[in-house]
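*Asks:* Using the working numbering, read the sequence shown as starting at -18 and increasing by one per residue.
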Amino acid sequence: RLPVAAFLLVGAGSLVLSSMVPALIRHFFVKPTELQLEKPYIERNIALTRKAYNLDQIAAKPFAAEQKLTFQTLETNKATIDNIRLWDWLPLSDTYAQLQEIRTYYKFDDFDVDRYWLDGSYQSVMLSARELRSSLLPPNAQTWVNRHVLFTHGNGAVMSPVTRKSAEGLPFFYLRDIPPVADGGPKIDEPRIYFGEESDDYVIVKSSIPEFDYPKGKDNVYAAYDGAGGVPIGALGWRTLFAYYFNDANLVLSSYVTADSRIMIRRNIRERVRTIAPFLRLDHDPYLVISNGRMFWMQDAYTTSSYFPSAQPVREFDLNYIRNSVKVVVDAYNGTVDFYLIDPGDPIAATYQRIFPNLFKPFTAMPADLQKHIRYPEDLFLIQARLYQTYHMETAEVFYNREDFWQFPRQPGGDGTAMMTPYYIIMRLPGEPQAEFFLMLPMVPSRRDNMIAWLAARCDPPDYGKLIVYEFPKDKLVYGPFQIEARINQTTEISQQLTLWNQMGSRVIRGANLLVIPIENSVLYVSPLYLRAEHGHLPELKRVIAAYGEHVVMKETLAEALAALFAGPGPAPAVSSATGETPPTNPAASQAQEALDRYNQAVERLKSGDWKGFGAQFDAMGEVLERMNRQSTGR
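(1) Along the chain, where does the beta strand (DSSP E) containing residue 311 start, and where does it finish?
(2) Inspect the beta-carbon positions of residue 154 and residue 146 and report whether they are closer than 8 Å.
(3) For residue 663, which residues from the same chain have a beta carbon less than 7 Å from its beta carbon, with the 5 sequence-adjacent residues on both sides left out?
(4) Can you check the segment 235 to 317 for any alpha helix (DSSP H) of at least 4 residues that lies completely inside it and give the ranges in chain order?
(5) Which two residues bound the contiguous beta strand (DSSP E) that contains residue 98?
(6) Is it buried or exposed for residue 225, if we count other Cβ within 10 angstroms and need 16 for buried?
(7) Pick from 14, 18, 27 and 21: whose alpha carbon is nearest that of residue 368?
(8) Which residue's Cα is closest to the Cα of residue 491: 474, 521 and 499?
(9) State the Cα-Cα distance for the pair residue 181 and residue 247, rounded to the nearest angstrom.
(10) Roughly how many whole angstroms lie between the Cα atoms of residue 47 and residue 500?
(11) Could you give the first and the last residue of the continuous beta strand (DSSP E) run that contains residue 417?
(12) Does the distance from the CB of residue 37 to the CB of residue 270 come in under 8 Å?
(13) DSSP three-state label for residue 358, please.
(14) Please determine, among 453, 525 and 444, the residue with the shortest C-alpha to C-alpha distance to residue 478.
(15) Tell me the DSSP secondary structure of residue 459 in three-state form.
(16) So, for residue 379: in the same chain, excluding its five sequence neighbours on each side, which residues have a beta-carbon less than 7 Å away from its beta-carbon?
(17) Buried or exposed: where does residue 22 fall if 16 or more other Cβ atoms within 10 Å of its Cβ makes it buried?
(18) Within its chain, find whatever has a CB closer than 7 Å to the CB of residue 250; leave out the 5 residues flanking it on each side and keep chain order.
(19) Based on DSSP bridge pairs, tell me the residues matched to residue 664.
(20) Count the C-beta pairs between the segment 207 to 216 and the segment 300 to 309 that are closer than 8 Å, then say yes if the count reaches three, no if not.
(21) Using a Cβ-Cβ cut-off of 8 Å (strictly less than) and excluding sequence neighbours within five positions of residue 201, which residues of its own chain qualify?
(22) Considering only C-alpha positions, which residue in the set 337, 394 and 136 is nearest to residue 470?
(23) In chain order, what residues of the same chain have a beta carbon less than 8 Å from the beta carbon of residue 164, not counting five sequence neighbours either side?
(24) By the three-class DSSP mapping on this structure, what secondary structure does residue 68 have?
(25) Return the chain-ordered ranges of every beta strand (DSSP E) run that is complete within the segment 137 to 187 and spans a minimum of 3 residues.
(26) Which residue marks the beginning of the alpha helix (DSSP H) containing residue 409, and which one marks its end?
(27) How many whole angstroms separate the CB atoms of residue 407 and residue 54, which I take to be in contact at a CB cut-off of 8 Å?
(28) Throw me the rounded Cβ distance for the residue 104 and residue 161 pair, which I believe falls under 8 Å.
(29) Using a 10 Å radius around the Cβ and a threshold of 16 neighbouring Cβ atoms, would you call residue 244 buried or exposed?
(30) Return the CA-CA distance between residue 537 and residue 148, expressed in angstroms with no decimal places.
(31) In the DSSP assignment, find the beta strand (DSSP E) that holds residue 452 and state where it starts and stops.
(32) Please classify residue 529 as buried or exposed, where buried requires at least 16 other C-beta atoms within 10 Å of its C-beta.
(33) Any idea if residue 321 is buried or exposed, counting beta-carbon neighbours within 10 angstroms, 16 or more meaning buried?
(34) Does residue 53 come out as helix, strand or coil in the three-state DSSP assignment?
(35) Can you give me the C-alpha to C-alpha distance between residue 359 and residue 423, rounded to a whole angstrom?
(36) With C-beta atoms as the reference, is residue 344 less than 8 Å away from residue 420?
Given below as structure tokens:
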């Protein structure tokens, strides 16, 4: 009994000591000097986390947040103004579906933002591929022949500028219809889409019957595949193997499969890329690129690790190191896949290249036109932005106390729990000679709504991949998106109009993001407003809300909103002479008419986006009014 009691006593004592000693050490030794003890580890964590996620390459610059915008400033930044995105993807998806899906089996799966040189100008556009989803065929048409032999491919794409709209508030299409009609957009010579985001079934091409190409009136147009995609399946042995693989005897029994037939498998581009390179992690958003008359998919790929020493992990992705080292291009017609190494300095990517020397090509081997469409991937940007909220603090003392913690702005228009997401935009940075394509996101202080900074990633070569954070003065209030949303709701004429529309059977739709537009060292805010019939599915862009400084306006067009914010010309002031006598009727009437003509011409220039012409007409109107004032006052 004595040994047992001794054993229990020792065990109980050890248990008590093992739980008490660490607590006592922490209370009496660690807590009083916690920062001093943890400082070396904090400094190491900061330095290595910034290294692991390339946060140490972010260039920090001051942003004055001045209130000095004029129409002359807007003219200097015309490319920025002309590319403010008024079409949000959510209402645009409904509009595209209603106007351009053409048939029930076509589907616009995703909407991408990209930039093209069109008609001599650098333009931001939204585009989507018109893919064919065989599961959307009518139930009585869900046959093996239809799903795998006849309905094999999508057709073309739709493209629209981010700013323009029709008189009815609908998108202006640069690309539309089947076969694709280009109206200011890039021409598509090969519109058929065999590989895409919606292509999940295997299909047989070069069969004994032509493939459905597109509907034309009451008839259909048919086509035959003439590319090199797919695997030959003419031999009985191959047909038997594929029949076993897909558990589908029709591949052996069908008379539609001929000696020349080919089977296309793994047509979903993400599955296709993942099958070839399972060691790469893929971005969630592959995007469509139209280049030299053909259609391609651009897929961003990452190298990652969870073993970078002392770096902060991102647990939802199980990593603590990431690089966007590879750009993948997939041909939508033939399914060819090319891997381009864009970051040869990444040791993981360099290792994969040595293991698979024939898989990776240098980025310089990518066709020049495709290089113009690479963009900074959103998944990587979000990871970096989330970490930068904390890891912009580089000193251990500030980091330990969380004195300058940032967060993403609250999403306007919701319940205040959703956060803003990054958005692509064309703009000219302060001090830069020309506009560029960026991915950007504002930042606000922790538990505050005022803006404290904005983070931007450059997308255009040769500066691709460079990140910049512009920080606002800490002693100056700069409204954040949620605060601007509150001011919009508190503007009487806007809130009354929104209430009236909602009462008249229309549903008011606000854009997902209230856009923060940096111009020079000032900030402009723009929010599109859409109307949709209560039982309809065709949103129309009806108003544009713009805010600058303390002013908020809502007008039919962006041009009119900017005119109201910065120089909105009102009615000519009453004119009288210094002596109280009425000026001669005819000259005054003539000059008043001239001023009115100048005003009308200025408005027309605004509506057409001719800022230079607007400025000239506005200045001319001012000269007329000054002349009238001098004549009326005798000075």
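Beta carbons are placed, not taken as given, at the ideal position from N, Cα and C, and that holds for glycine.
*Replies:* In short:
(1) 302 to 312
(2) no
(3) Since the displayed the chain opens at -18 and closes at 616, residue 663 lies outside it and no answer follows.
(4) 250 to 257
(5) 93 to 99
(6) exposed
(7) 27
(8) 521
(9) 7 Å
(10) 10 Å
(11) 417 to 426
(12) no
(13) coil
(14) 525
(15) coil
(16) 385
(17) exposed
(18) 176, 177, 178, 267, 278, 280 and 311
(19) The structure shown has nothing for residue 664, since the chain only spans -18 to 616.
(20) no
(21) 193, 194 and 195
(22) 394
(23) 154, 155, 156 and 157
(24) coil
(25) 138 to 142 and 184 to 186
(26) Here residue 409 belongs to no alpha helix (DSSP H), and DSSP marks it neither H nor E.
(27) Actually they do not touch by this definition, with Cβ atoms about 17 Å apart.
(28) Incorrect: roughly 18 Å between the Cβ atoms, too far for contact.
(29) buried
(30) 10 Å
(31) 448 to 452
(32) buried
(33) buried
(34) helix
(35) 14 Å
(36) no
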